[in-house]
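There are 2 protein chains.
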Amino acid sequence: MPWEPVGNHPNLNERTQHLLKVLVERYIRDGQPVGSRTLARDAGLDLSPATIRNVMADLEDLGYLQSPHTSAGRVPTARGYRLFIDALLNVPPLDHREVEILRRRIDQPVQNSAELARTVSDLLSGVTRLAGIVMVPRRNVVTLRHVEFLPLSENRVLVVLVLNAQEVQNRIIQTRRPYSAVELNQAAQYLNGQFAGKGIQQVRETLLRDLRETRDNLDRLMQTVVEMAEQTFEIDPVGEDYVVAGQTHLMQCADLSDLDTLRQLFEAFNHKSDLLHLFDQCLHADGVQIFIGEEAGSSVLQGCSVVTAPYTVEGQVLGVLGVIGPTRMAYDRVIPVVEVTARLLAAALNDQD
Amino acid sequence: MPWEPVGNHPNLNERTQHLLKVLVERYIRDGQPVGSRTLARDAGLDLSPATIRNVMADLEDLGYLQSPHTSAGRVPTARGYRLFIDALLNVPPLDHREVEILRRRIDQPVQNSAELARTVSDLLSGVTRLAGIVMVPRRNVVTLRHVEFLPLSENRVLVVLVLNAQEVQNRIIQTRRPYSAVELNQAAQYLNGQFAGKGIQQVRETLLRDLRETRDNLDRLMQTVVEMAEQTFEIDPVGEDYVVAGQTHLMQCADLSDLDTLRQLFEAFNHKSDLLHLFDQCLHADGVQIFIGEEAGSSVLQGCSVVTAPYTVEGQVLGVLGVIGPTRMAYDRVIPVVEVTARLLAAALNDQD
DNA sequence: CTTGGCACTCTGAGGCCGAGAGTGCCAACC
DNA sequence: GGTTGGCACTCTCGGCCTCAGAGTGCCAAG
Chain A
260 MPWEPVGNHP NLNERTQHLL KVLVERYIRD GQPVGSRTLA RDAGLDLSPA TIRNVMADLE
320 DLGYLQSPHT SAGRVPTARG YRLFIDALLN VPPLDHREVE ILRRRIDQPV QNSAELARTV
380 SDLLSGVTRL AGIVMVPRRN VVTLRHVEFL PLSENRVLVV LVLNAQEVQN RIIQTRRPYS
440 AVELNQAAQY LNGQFAGKGI QQVRETLLRD LRETRDNLDR LMQTVVEMAE QTFEIDPVGE
500 DYVVAGQTHL MQCADLSDLD TLRQLFEAFN HKSDLLHLFD QCLHADGVQI FIGEEAGSSV
560 LQGCSVVTAP YTVEGQVLGV LGVIGPTRMA YDRVIPVVEV TARLLAAALN DQD
Chain B
260 MPWEPVGNHP NLNERTQHLL KVLVERYIRD GQPVGSRTLA RDAGLDLSPA TIRNVMADLE
320 DLGYLQSPHT SAGRVPTARG YRLFIDALLN VPPLDHREVE ILRRRIDQPV QNSAELARTV
380 SDLLSGVTRL AGIVMVPRRN VVTLRHVEFL PLSENRVLVV LVLNAQEVQN RIIQTRRPYS
440 AVELNQAAQY LNGQFAGKGI QQVRETLLRD LRETRDNLDR LMQTVVEMAE QTFEIDPVGE
500 DYVVAGQTHL MQCADLSDLD TLRQLFEAFN HKSDLLHLFD QCLHADGVQI FIGEEAGSSV
560 LQGCSVVTAP YTVEGQVLGV LGVIGPTRMA YDRVIPVVEV TARLLAAALN DQD
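Put into structure tokens, the structure is as follows:
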């Protein structure tokens, strides 16, 4: 099992487990509390409702089920979902044709990783009819490919950085004195000649540590180089961020119909820090991970589940993707979709480099 | 008045207009249908409720008011809001201190126009507690500042374009044959030397029309230049787009509490084409424009109003910004905020160039 | 034209009732 | 001892009624 079992569950009767499984499946399908009569019919065990009732009462005592009120059926608790997912759920592999459809949509040519993230996020949300999320983390190793300096006005210079395979970043820096286009060009040429293909961490260290202290002895070119480099490589250039798509799907699922809950959830999407924290945790677990309700650590995720998977290229984790939806979601379908999408995205990134 | 009067309204009694004004103001404040007794108290005219009732009945006949049901008070119709905004509303200028606060938030240094759009959009939504929108349109005149080609793999080249003041664009193009870094560099140098500062339209025409037909006679460098340029300047590089912020505010206003309406609205934000169409219309009206409900041309905007203003630099319209909220919004506050924000954004862009 | 009076209408909250669904418990059964 | 049918009990939900409150429209008088 790719997701780690969290709760520790006392031994449950084979039959009891089966009944829990059927109940959860039924509830995920219908969204209605499941009564003993219904469960008796569905379970295929040839037991009377009365027997079922006894089992259900036990499951309620153990915290796997609860009833909304006396005379409704039962509904799984978070603990119930947990056991279901850890031990009872069987996840069918995705149909070949479906994999193909996913592959085709991911393999379309894109301009940059942000656009790819958006595409994949759209895809996840479209296929699952939930909210899709793709995170692009801060990479540990960022390779400098090319740098360019353009004078904007008196003391402002536009820096264009090409990183990794094809990531383009630009920023504006303030300089201590005006630089001519020629000076800037020479500085860029020097940096490109010297450091293209090197890790940006390494560039920073080599350049700044070695040269800064001897600044006064440097010729004019190298002084330019140092001043530019100081600001260019100052902060880690690839920020950690994510892309959400299909939030509106969440407005359609009956479970989250409470407007206020929904608003808080949407605000969390914009706020980002909570979710980034969650995804950071997933970065180094391999395979699909599932968080049920407040297991995710944030109270705004009440009633929601998060299904995530990291994607890796050459063993290095590049990011996490996943979906957010109501806890009552079709895990048997969502899990393989998330899993396969992560693999396909990894493959696409691999080809691209 | 900056917004254009749309409906043509028959002569209304001075007193009748005053009563409509007070009613709309009251309704905007409370959100409750206004009855004759309330209006009589609020209007300050020393009239009895019975008289007010007669006037209200007239206004209803003329289509300015309606009652939700027999024994509720009256509510303005779209037509009523229209008249209110066109002729009755007085818009107080924004407080100096408030303008200063806005200015300070807009004048913060930013990296590129997309980031600025986001900042301003956030600002609009924060100040008005509605959804803020900033559109960056396709500019008519796009100036090439700098171009750079980097070989990625066999037949793929990364193009980095610096446009206008500081806009950086990048795209990947497929080439017919592999090019070396040196070749690409020469081609870029040629283009920069020849065309930096020129309009991109002009570059395209000059280069492609004049040279393409004589391709066979060109030297190797110029052949490279032509192939690169063909794809680099093929499509209009600055896409029309907008940024929405603070959508969640719309979930809090009682008027739009219908989940389904809200969902459709949010989907419209993602879909973009409807709203882009609307904003295109605003591009060349000067000053604040207001669309009430379906005046905006899209049925998803039922119950919503849109307040927009274009922002210009040196007489050239650069884009449109505005807010979307329930029709029952505090126009006397929203209008000056939108107006001032547009001016401040224009000023900020002007300084930046 | 304005006003007070008055009958009328409609909503919304609260209370009541009955149907339906499901439970818990118990005694009987295998 | 696990399983079962029976049965009383509880709770929700929709329909129905009622009543107070708010606001209207109309009319006749000022």
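For the protein sequence lines, the chains are A and B, in the order given. First residue of the first sequence? That's 260 in my numbering, and the numbers climb one at a time after it. First residue of the second sequence? That's 260 in my numbering, and the numbers climb one at a time after it. Even for Gly, the Cβ is constructed at its ideal location relative to N, Cα and C.
Asked: Cutoff 7 Å: N451 (chain B) Cβ touching any chain A Cβ; Found: no
Asked: Residue span of the alpha helix (DSSP H) that contains Y231 (chain B), given as start and end; Found: Not covered by the structure: residue 231 (chain B). The range shown for chain B is 260 to 612.
Asked: Proximity below 7 Å, CB of V503 (chain B) to CB of F538 (chain B); Found: no
Asked: Whole-angstrom distance between N414 (chain A) and R436 (chain A), CA atom to CA atom; Found: 6 Å
Asked: Nearest to L391 (chain A) (by Cα), restricted to the options A:A606, A:T507, A:Y438; Found: As written in the sequence, residue 391 (chain A) is Gly, which differs from the Leu given in the question. That would be A:T507, whose Cα lies nearest to the Cα of G391 (chain A).
Asked: Bridge partner(s) assigned by DSSP for E407 (chain A); Found: A:V419
Asked: Unbroken alpha helix (DSSP H) run spanning S295 (chain B), endpoints; Found: 295–302
Asked: Inter-residue Cα distance where the pair is I344 (chain A) and A555 (chain A); Found: 15 Å
Asked: DSSP-derived helix/strand/coil call for Y570 (chain A); Found: strand
Asked: Pair within 7 Å by beta-carbon distance, L515 (chain B) and A488 (chain B); Found: no
Asked: Minimum C-alpha distance to A447 (chain B) - residue among B:T571, B:Q460, B:Q433, B:V421; Found: B:V421
Asked: Cutoff 7 Å; reference L306 (chain B); Cβ partners in own chain excluding five residues on either side; Found: A299
Asked: Short-range partners of chain A found in the stretch 406–431 of chain B, where Cβ spacing is below 8 Å; Found: E407, L409, L411, L417, V419, V421, A424, Q425, V427, N429, R430, I431
Asked: Three-state class that DSSP yields for V395 (chain A) in the structure shown; Found: strand
Asked: Chain A within 7 Å of R602 (chain B), Cβ atoms only; Found: no
Asked: Helix, strand or coil at T329 (chain B) [DSSP, three-state]; Found: coil
Asked: Which listed residue (B:T402, B:R341, B:R333) has its alpha carbon closest to that of A455 (chain B); Found: B:T402
Asked: Contacts that F525 (chain A) makes with chain B (C-beta to C-beta distance below 8 Å); Found: Q506, T507, M510
Asked: Per-residue contacts from S516 (chain A) into chain B (C-beta, under 7 Å); Found: L518
Asked: Simplified DSSP assignment, three categories, for T402 (chain B); Found: strand
Asked: Sequence ranges, beta strand (DSSP E) only - wholly within the stretch 505–560 of chain B, length at least 3; Found: 548–551
Asked: Neighbouring residues, chain B, relative to N609 (chain A) (Cβ below 8 Å); Found: Here the premise fails: no neighbours, minimum Cβ distance about 13 Å.
Asked: Interface partners of N371 (chain B) on chain A, CB under 8 Å; Found: N429
Asked: Those runs of the alpha helix (DSSP H) which lie wholly inside the stretch 416–456 of chain B and span at least 4 residues; Found: 440–454
Asked: Residue(s) in a DSSP beta bridge with P585 (chain A); Found: A:C563
Asked: Short CB-CB distance (under 7 Å) between R522 (chain A) and chain B; Found: yes
Asked: C-beta contact flag for S295 (chain B) and P308 (chain B) at 7 Å; Found: yes
Asked: Cβ-based neighbour list, T275 (chain B), same chain, cut-off 6 Å, excluding 5 preceding and 5 following; Found: V314
Asked: Contact with chain A by M394 (chain B), beta-carbon distance below 7 Å; Found: no
Asked: Top-ranked residue by Cα proximity to I360 (chain A), from A:D610, A:V599, A:G290, A:N609; Found: A:V599
Asked: Exposure label - S439 (chain B); buried when at least 16 CB within 10 Å; Found: exposed
Asked: Burial state of A351 (chain A), where buried means 16 or more other Cβ atoms lie within 10 Å; Found: Sequence check: residue 351 (chain A) is Pro here, not Ala. Counting Cβ neighbours within 10 Å, P351 (chain A) comes out exposed, since fewer than 16 surround it.
Asked: Contact list for R404 (chain B) against chain A, beta-carbon separation under 8 Å; Found: L409
Asked: Where the alpha helix (DSSP H) containing V379 (chain A) begins and where it ends; Found: 372–387
Asked: Minimum C-alpha distance to L282 (chain B) - residue among B:T297, B:L383, B:A568; Found: B:T297
Asked: Backbone secondary structure at Y590 (chain B) - three-state DSSP; Found: helix
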